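Start counting the sequence shown at 9; every next residue gets the next number (my numbering). For glycine and all other residues, C-beta sits at the position ideal for the given N, C-alpha and C. A quick note: this is a predicted structure, and the numbers were derived from the prediction, not measured. I have placed the structure first, in the form of structure tokens, so that the comments after it can refer back to it.
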Amino acid sequence: MDLLNTLVDKGLRRELPTREEALAVLATSEDELLDVVAAAGKVRRQWFGRRVKLNYLVNLKSGLCPEDCSYCSQRLGSKAGILKYTWLKPDEASRAAAAGVAGGAKRVCLVASGRGPTDRDVDRVSKTIEAIKEENEGIEVCACLGLLSDGQADRLRSAGADAYNHNLNTSEETYGAITTTHTYADRVETVQQAQAAGLSACSGLIAGMGESDKDLVDVVFALRDLDPDSVPVNFLIPFEGTPLAKEWNLTPQRCLRILAMVRFVCPDVEVRLAGGREVHLRSMQPLALHLVNSIFLGDYLTSEGQAGQTDLDMIADAGFEVEGAGTTTLPRHRADALGGGCGTQDTTAGAGCGSHDDAGAAGCGSHEGGGGCGPCGDHGEQEQQPVGGVAGAGESVPASRTDAAGAARTDLVAVRRRGAGTDLAPNA
């Protein structure tokens with residue numbers, strides 16, 4: 009296709025496609041899907057080779073959030089049966105992080121629910137960062153704590169944080185339909201504060217909330233303008249007990265088109281396959297590795313992922329390799345621009361590959377039933393409408409997602425019952 013040839017050429021030159029071209033990727037046919045994956049794969053390999061960066065989430069504080077993000081299982085009004093606990097102690101968080109590092113993760117993402125951290129919370133997280141880095145030389149640490157106040161990003165950076173995750177989630181035009189207790193502009197400001205403090209910015213989106221193709225393109229172009237080092241792509245996990253519980257709008261094919269579009273718009277950025285991949289991509293997860301260069305290992309914040317060893321086997325079977333701690337994730341031109349920040353331990357020849365990376369997601373960016381790293385919560389019980397008002401942007405709910413009566417199944421979402429905050433070993 010002329011479209012795909014044009015997009016490959018632009019991606020290899022780090023040239024932004026037009027909005028019309030991005031929309032056209034989302035509108036490609038089933039017969040064209042593998043061509044789309046192959047084209048975006050060329051761009052991915054140009055900047056990141058066949059490496060896959062592993063990230064590991066540690067949920068420092070689960071539930072108990074005062075924000076009303078409709079997608080999130082941790083919102084105050086959520087009836088989802090998730091784990092709820094207050095702050096892990098630094099040694100507890102360090103032990104939790106060690107499981108991911110042992111599985112090959114080079115970034116640990118520290119996430120806490122809430123609107124944003126207090127100064128005392130920043131002190132607490134700073135001690136946790138120090139504890140993790142003392143035990144794990146060279147590990148990257150990303151914080152995802154919600155909206156930042158003046159000076160907090162600098163304090164996290166001083167404590168040793170490498171990155172900060174805060175997702176935009178959806179387009180500015182429709183943001184108010186998803187969250188009312190803070191604004192889209194609040195999120196943008198927090199990402200900019202992290203960048204100003206010298207932290208690697210991680211900011212991404214959630215697909216599957218009923219948004220239109222235009223909404224998806226708008227948020228990805230907004231992210232491109234913000235220029236984060238990593239863009240986590242989450243797929244809504246419709247937790248029962250949240251306003252978006254019945255939003256089963258995604259097919260594996262649509263997920264792949266979304267990931268390809270993100271890669272074309274953000275060719276040299278770490279694109280992370282985040283929350284919801286197991287639920288929505290299912291057996292087509294290996295194809296997504298041709299589009300993304302980063303995934304989460306094991307479980308997410310409040311939902312279970314597939315076993316860590318299964319992730320490692322999938323990467324190897326698909327012909328990819330786990331990115332080592334001594335390799336930079338980002339291409340040299342981006343790593344150099346960070347001035348020796350996280351993930352720039354070496355500068356390999358050619359395009360280079362290094363990491364600086366959610367939250368998104370910066371390590372997190374795993375929405376966990378929708379939302380990723382703070383803010384997420386509820387100030388009321390009003391039902392929120394899907395973004396754009398029409399579920400699935402014209403797509404029907406996949407047959408495998410409905411029961412015999414045609415009702416959306418909820419047994420496909422597994423709540424996390426192990427790892428951080430429990431006495432059971434993590435799935436890493």
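| field | Top-ranked residue by Cα proximity to A326, from H298, A105 and T136 | value | For the purposes of this step, residue 326 is taken as the residue at position 318 of the sequence shown. Comparing Cα-Cα distances from A326 to each of H298, A105 and T136, the minimum goes to H298.
### Task
Can you grab the Cα-Cα spacing for the pair V3 / F304, in whole Å?
Any answer about residue 3 is impossible in this case: the structure gives the chain only from 9 up to 436.
Between the C-alpha atoms of Y79 and V421, what's the straight-line distance to the nearest angstrom? As a first step, residue 79 is located in the sequence shown; it is residue number 71 there, counting from the start. As a first step, residue 421 is located in the sequence shown; it is residue number 413 there, counting from the start. So the two alpha carbons sit approximately 14 Å from each other.
Cα-Cα separation between E219 and R342, rounded to whole angstroms: Looking up residue 219 in the sequence shown gives position 211. Looking up residue 342 in the sequence shown gives position 334. Their Cα atoms are separated by approximately 31 Å.
**Item:** Beta-carbon contacts of Q393 that lie in its chain and below 7 Å, excluding the five residues immediately before and after
**Value:** As a first step, residue 393 is located in the sequence shown; it is residue number 385 there, counting from the start. Note on Q393: pLDDT 49, under 50, position unreliable in the model; the coordinate value appears next. Hits under 7 Å: A185.
**Item:** Exposed unless 16 or more other CB atoms sit within 10 angstroms - verdict on A407
**Value:** Taking the sequence shown and counting its residues from 1, one reaches residue 407 at position 399. Reliability of the predicted coordinates at A407 is poor, the pLDDT of 45 falling under 50, and the value obtained from them is presented with this limitation in mind. It is exposed - the Cβ of A407 has fewer than 16 other Cβ atoms within 10 Å.
Check: If you draw a straight line from the C-alpha of T198 to the C-alpha of V51, how long is it?
Finding: Sequence index remark: in the sequence shown, residue 198 carries index 190 (1-based). Sequence index remark: in the sequence shown, residue 51 carries index 43 (1-based). T198 and V51: Cα-Cα distance of roughly 30 Å.
**Request:** At 3 residues or longer, and completely inside the segment 254-321: list those beta strand (DSSP E) runs for me, N to C.
**Result:** 278-281 and 302-304
- Candidates G154, F243 and A205: which alpha carbon is nearest H190's? Reading the sequence shown from its first residue, position 182 is the one you call residue 190. Checked all of G154, F243 and A205; the closest Cα to H190 is G154.
message = What does the alpha-carbon distance come out to for the pair Q314 and E38?
response = Residue numbering aside, residue 314 sits at position 306 when the sequence shown is read from its first letter. Residue numbering aside, residue 38 sits at position 30 when the sequence shown is read from its first letter. Straight-line Cα distance between these residues: approximately 27 Å.
- Helix, strand or coil: which one does DSSP assign to R21? Working through the sequence shown from its first residue, we reach residue 21 at position 13. The answer is coil: DSSP assigns R21 none of H, G, I, E or B.
Check: With distances taken from CA atoms, which of V33, A104, A32 and L24 is nearest G427?
Finding: Here the question's residue 427 lines up with position 419 in the sequence shown. Looking at the Cα atoms, A104 is the closest of the given residues.
- Item | Length-filtered (3 minimum) beta strand (DSSP E) runs lying within the segment 76-146 | 115-120
Close-in-space but distant-in-sequence residues of the same chain around D99 (CB under 7 Å, 5 per side omitted): Taking the sequence shown and counting its residues from 1, the one referred to as residue 99 is at position 91. So the list reads A139, once near-sequence residues are dropped.
Excluding the five sequence neighbours on either side, which residues of its own chain have a C-beta within less than 8 Å of the C-beta of L20, listed in chain order? Within the sequence shown, the letter at position 12 stands for residue 20. Excluding positions up to five away in sequence, the list reads K50, V51, Q54 and P275.
Report back the beta-carbon spacing between R265 and V16 to the nearest angstrom; my notes put them in contact at under 8 Å. Residue mapping note: residue 265 aligns to position 257 of the sequence shown, counting from 1. Residue mapping note: residue 16 aligns to position 8 of the sequence shown, counting from 1. Not quite, the Cβ-Cβ distance comes to about 16 Å (not below 8 Å), so this is no contact.
So is V44 in contact with chain D if we call contact Cβ pairs under 8 Å? In the structure shown, chain D does not exist; there is a single protein chain.
Beta-carbon contacts of S302 that lie in its chain and below 6 Å, excluding the five residues immediately before and after: As a position in the sequence shown, residue 302 is number 294, starting the count at 1. Taken in chain order, the residues that qualify are K61, E278 and R280.
Could you tell me the distance, in whole angstroms, from the CA atom of P251 to the CA atom of C77?
Taking the sequence shown and counting its residues from 1, the one referred to as residue 251 is at position 243. Taking the sequence shown and counting its residues from 1, the one referred to as residue 77 is at position 69. When rounded, the distance between both Cα atoms is 9 Å.
Is DSSP giving V421 helix, strand or coil here?
-> Numbered from 1 along the sequence shown, position 413 holds the residue referred to as residue 421. In the structure shown, V421 sits in coil (DSSP, three-state: anything other than H, G, I, E or B).
| If you draw a straight line from the alpha carbon of K87 to that of L72, how long is it in whole angstroms? | Counting from one through the sequence shown, the residue named residue 87 turns up at place 79. Counting from one through the sequence shown, the residue named residue 72 turns up at place 64. K87 and L72: Cα-Cα distance of roughly 12 Å.
Would P434 and A107 qualify as a contact pair, given that the criterion is a beta-carbon distance under 8 Å? By 1-based counting over the sequence shown, the position of residue 434 is 426. By 1-based counting over the sequence shown, the position of residue 107 is 99. Contact flag set, yes.
In whole angstroms, give me the CA-to-CA distance for A169 and L207. Walking along the sequence shown from the start, residue 169 turns up at place 161. Walking along the sequence shown from the start, residue 207 turns up at place 199. Roughly 7 Å between the two C-alpha positions.
Inset, instruction - Taking R58 as part of the alpha helix (DSSP H), name the residues at either end of that continuous run. - result: Position 50 of the sequence shown, counting from 1, holds the residue named residue 58. Looking at the DSSP string, R58 is not in any alpha helix (DSSP H), and its letter there is neither H nor E.
*Report the option in A296, V45 and L224 whose CA atom is closest to the CA atom of E181.*
Translated into positions along the sequence shown, residue 181 becomes position 173. For E181, the nearest C-alpha among the options comes from L224.
N175 beta carbon less than 8 Å from that of P240:
Locating residue 240 in the sequence shown gives position 232, where the first residue counts as 1. Locating residue 175 in the sequence shown gives position 167, where the first residue counts as 1. Yes, the pair counts as a contact, with Cβ atoms nearer than the cut-off.
Buried or exposed: T126, going by 16 or more other Cβ atoms within 10 Å of its Cβ? For the purposes of this step, residue 126 is taken as the residue at position 118 of the sequence shown. Classification of T126: exposed, given that the 10 Å Cβ count is below 16.
Run through DSSP, which three-state label would I186 get?
-> In the sequence shown, counting from the first residue as 1, residue 186 sits at position 178. It is coil, neither helix nor strand.
**Report entry** Residues near Y192 in its chain [Cβ-Cβ closer than 6 Å; skip 5 each side]
**Finding:** Residue mapping note: residue 192 aligns to position 184 of the sequence shown, counting from 1. The answer, listed in chain order, is E180 and Y183.
Notebook entry, point to check: By the 10 Å Cβ neighbour count, where 16 or more other Cβ atoms means buried, how is D148 classified, buried or exposed?
Noted result: Here residue 148 is taken as the residue at index 140 of the sequence shown, counted from 1. Here the sequence assigns Glu to residue 148, which means Asp is not the residue at that position. Classification for E148: buried.
> Among R27, L41 and L24, which one has its Cα closest to the Cα of M9?
Replying inline: Translated into the one-based positions of the sequence shown, residue 9 becomes position 1. Closest option to M9, Cα to Cα, is L41.
> Is it true that the CB of V45 sits closer than 8 Å to the CB of A282?
Replying inline: If you number the sequence shown from 1, residue 282 lands on position 274. If you number the sequence shown from 1, residue 45 lands on position 37. Cβ distance not < 8 Å, so A282 and V45 don't count as in contact.
Query raised in the report: Three-state secondary structure (DSSP) at F243?
Result: On the sequence shown, residue 243 is found 235 positions in, with the first residue counted as 1. Of the three classes helix, strand and coil, the one that applies to F243 here is strand, per DSSP.
Three-way DSSP call (helix, strand, coil) for S166 in this model: The residue given as residue 166 occupies position 158 in the sequence shown. S166 falls in the helix class under three-state DSSP.
**Request:** Would you mind working out which of V270, R290, L96 and W256 sits nearest A47, comparing C-alpha positions?
**Result:** By 1-based counting over the sequence shown, the position of residue 47 is 39. Cα-wise, what sits closest to A47 is V270.
**Message:** Please classify E142 as buried or exposed, where buried requires at least 16 other C-beta atoms within 10 Å of its C-beta.
**Reply:** As a working mapping, residue 142 is identified with position 134 in the sequence shown. Burial call: exposed.
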